[in-house]
Amino acid sequence: MSNKARSSPIRSSLVHLALIAYTLIALFPVFLTIINSFKDRNAIFRNPMQIPTPTSFSLIGYQTVLGQADFTGYFQNSLIVTVVSIALVLLFGAMAAFALSEYRFRGNALVGLYMAIGIMIPIRLGTVAILQGMVASGLVNTLTALILVYTAQGIPLAIFILSEFMRSVSDDLKNAGRIDGLSEYAIFFRLVLPLVRPAMATVAVFTMIPIWNDLWFPLILAPSEATKTVTLGSQIFIGQFVTNWNAVLAALSLAILPILVLYVIFSRQLIRGITSGAVK
Amino acid sequence: MNEADTPLEAAPIRRPFRWHIVVFLAPAFLVYTAIMILPLIETLRLSFYNNVDGAPAFVGLANYQVLFGDARWARDFWNALTNNLIFFVIHMCVQNPIGIALAALLSIPKLRFAAFYRTAIFLPTLLSFVIVGFIWKLILSPIWGVAPWLLSLAGAKWMFAPWLGQSGPALIAVSLISVWQYVGIPMMLIYAALLSIPDEVIEAAECDGVTGWSQFWKIKLPLILPAIGIISILTFVGNFNAFDLVYTVQGALAGPDMSTDILGTLLYRTFFGFQLQLGDRSMGATIAAVMFLIILAGVSFYLFAIQRRMRRYQF
């Protein structure tokens, strides 16, 4: 952007003031939780706003949490469900997006429209029958049930985003591949997929957040101890310990941590993905 | 099978059947159809059935009659629907204007620390409802005293009340927590829309002396209307399908006295049962069907009435 905005110092400091104010609102609760999770019980109540000092520092909350609940197990479940679902969404979504954007065949627009229904209509509304189906196929309380649901949930948006990007892959490149005798599968896997990798990363991030944070399907399809996800696990755990503030704050901080780390790693990718329509 | 006959030859020259199209489409199509579309249809079908003398039987619209007419059901249903509408209105009036304002500020060219603000303001959106719900429950708790302390900084300690425990303010408090969490989404989408306005348009406006406020209202706002339409429909769908936040903050009974009950929690309680109430599959399916119709109506209204009229800016 080269246009020079005439920015008076007063105006720009007002802008910064407004943004800083909102940033504080956005970050304050998270900050408050994390600092208090490292304090002893007295300090939590007497001075909620104070950062932990050597006298008030305490890890008792973390000891309680890690000693009582199987957070590593929950974490592992969440990780398996999220990673497998994302992989399936990306693979299936990219394949379908390629078919829809590359080939002209009868019913193309219809299939595209059919797949797009899922962008707007939430899969949750089918829960009654999904649970029935999972019971019938014996998948209740398995991670497979969650993976299947999340894959179905993620596919529509993945197809939508990826087909936009695949249309922008040059036809000459693909035709050159065809002349060189590459099969359609080779063109997809060896030429097109590497080129849409940035879009795949975007889809991965978008798919990941709702899966990792979902409470509804773990609660209904996989509430057993062995299949609890982090979200459900911390929900139940915190529910049991409402009066043990140390444990609650520590559990919350532990649940925030993975997201915070992922966000720090992926935030540029994520934000670029959202704004990619704009800044090409 | 639907996808078997879709990739028929369209070209006049006879080519061999293009199996690869089927192979590319099949996995996504099958998973999506089996886990999403068929259950949705099955749920809609179940809403016309109920147990009569211990056996499932077709009852026509009787379930709907019970839901809208029966004293006990109707009270819960209309209560949840009203609360859900208020929930949505608060989002539209608070979340989206704040999102637009933040995006407008962030899109000021050569703004310092813009990336930092963006990252920070978007962070709550990534947190799960469980975290957000509990954090705010703690902050608003009268036991901890963080909220009264914050209010006392502004000299308004008298305003504090245990909002989450009072039936009137509880719904507003829960809605505002949700707004706090989700303001990042409208902000990002509007931000992207603002960045996509071509520089020439802005330069032309500046040549004509249209700057600052009036530039935003007269030039930028009309150009981002399509994005505002999108965030509105996303808010609508998200709100009428919300569940998690109310469940974590107020529990499945959506207290106090069901004042924060929305359709999602009503569906959960009805279908799954809670405490003394037994789960009822048919009524659950009926509520899901009603939610489906509401969302479908909203989406259709958006697609046919709003999106058609708005011409996208082509660049």
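Top line first, the protein sequences correspond to chains R and F. My numbering numbers the first residue of the first sequence as 1 and each following residue consecutively. My numbering numbers the first residue of the second sequence as 1001 and each following residue consecutively. Backbone N, C-alpha and C define an ideal beta-carbon position, used for all residues, glycine too.
First through last residue of the alpha helix (DSSP H) which encompasses residue 1024 of chain F: 1019 to 1032
Minimum C-alpha distance to residue 22 of chain R - residue among F/1196, F/1137, F/1099, F/1055: F/1099
Residue 1018 of chain F at chain R interface by Cβ criterion, 9 Å: yes
One or two residues paired with residue 1277 of chain F in a DSSP bridge: F/1274
Where the alpha helix (DSSP H) through residue 36 of chain R begins and ends: 9 to 37
Complete alpha helix (DSSP H) runs within the segment 1159 to 1211 of chain F (minimum length 4 residues, chain order): 1167 to 1182, 1184 to 1195, 1199 to 1207
Enclosing alpha helix (DSSP H) for residue 1089 of chain F [first to last residue]: 1071 to 1090
Boundaries of the alpha helix (DSSP H) in which residue 83 of chain R is found, first to last residue: 71 to 102
Distance between beta carbons of residue 1124 of chain F and residue 1130 of chain F, contact taken as under 8 Å: The Cβ separation is near 13 Å, so there is no contact.
Contact set between residue 1281 of chain F and chain R, taken where Cβ atoms lie within less than 7 Å: 128
Alpha-carbon to alpha-carbon, residue 106 of chain R and residue 264 of chain R: 45 Å
Chain R within 9 Å of residue 1255 of chain F, Cβ atoms only: no
Where the beta strand (DSSP E) through residue 1057 of chain F begins and ends: 1055 to 1058
Residues of the segment 1226 to 1254 of chain F with Cβ closer than 8 Å to any Cβ of chain R, in chain order: 1233, 1237, 1241, 1243, 1244, 1247, 1248
Simplified DSSP state of residue 169 of chain R, which is helix, strand or coil: coil
Residue 1052 of chain F, DSSP secondary structure in three states: strand
Min CB distance residue 1082 of chain F to chain R below 9 Å: no
Identity of the residue in F/1248, F/1050, F/1158, F/1241 nearest residue 1267 of chain F by Cα: F/1241
Within 9 Å, strictly: CB atoms of residue 149 of chain R and residue 1046 of chain F: no
Distance, residue 42 of chain R Cα to residue 1122 of chain F Cα: 33 Å
Environment of residue 194 of chain R [buried if 16+ CB atoms lie within 10 Å]: exposed
Member of R/217, R/243, R/245, R/246 whose CA lies at the smallest distance from the CA of residue 281 of chain R: Nothing can be reported for residue 281 of chain R: it is not among the residues displayed for chain R, which extend from 1 to 280.
For residue 1164 of chain F, the nearest candidate out of F/1105, F/1198, F/1106, F/1249 (CA to CA): F/1249
Residue 1147 of chain F - containing alpha helix (DSSP H), residue span: 1146 to 1153
Where residue 72 of chain R falls, given that 16 or more other Cβ within 10 Å makes a residue buried: exposed
Test: residue 240 of chain R CB closer than 9 Å to a CB of chain F: no
Touch test, the segment 226 to 246 of chain R against the segment 154 to 166 of chain R, Cβ-Cβ under 8 Å, three pairs minimum: no
Touch test, the segment 1283 to 1295 of chain F against the segment 120 to 127 of chain R, Cβ-Cβ under 8 Å, three pairs minimum: yes
Under 9 Å between C-beta atoms of residue 259 of chain R and residue 1127 of chain F: yes
Proximity winner among F/1057, F/1072, F/1280, F/1236, relative to residue 1093 of chain F (alpha-carbon distances): F/1236
Beta-carbon neighbours of residue 206 of chain R, restricted to chain F and to distances below 9 Å: Simply none; closest approach about 11 Å.
For residue 105 of chain R, the three-state DSSP class (helix, strand or coil): coil
Chain-ordered chain F contacts of residue 30 of chain R [CB-CB under 8 Å]: 1123, 1124, 1127, 1135
With 16 other Cβ atoms within 10 Å as the buried cut-off, status of residue 1110 of chain F: exposed
Any C-beta of chain R under 9 Å from that of residue 1056 of chain F: no
Where residue 36 of chain R falls, given that 16 or more other Cβ within 10 Å makes a residue buried: buried
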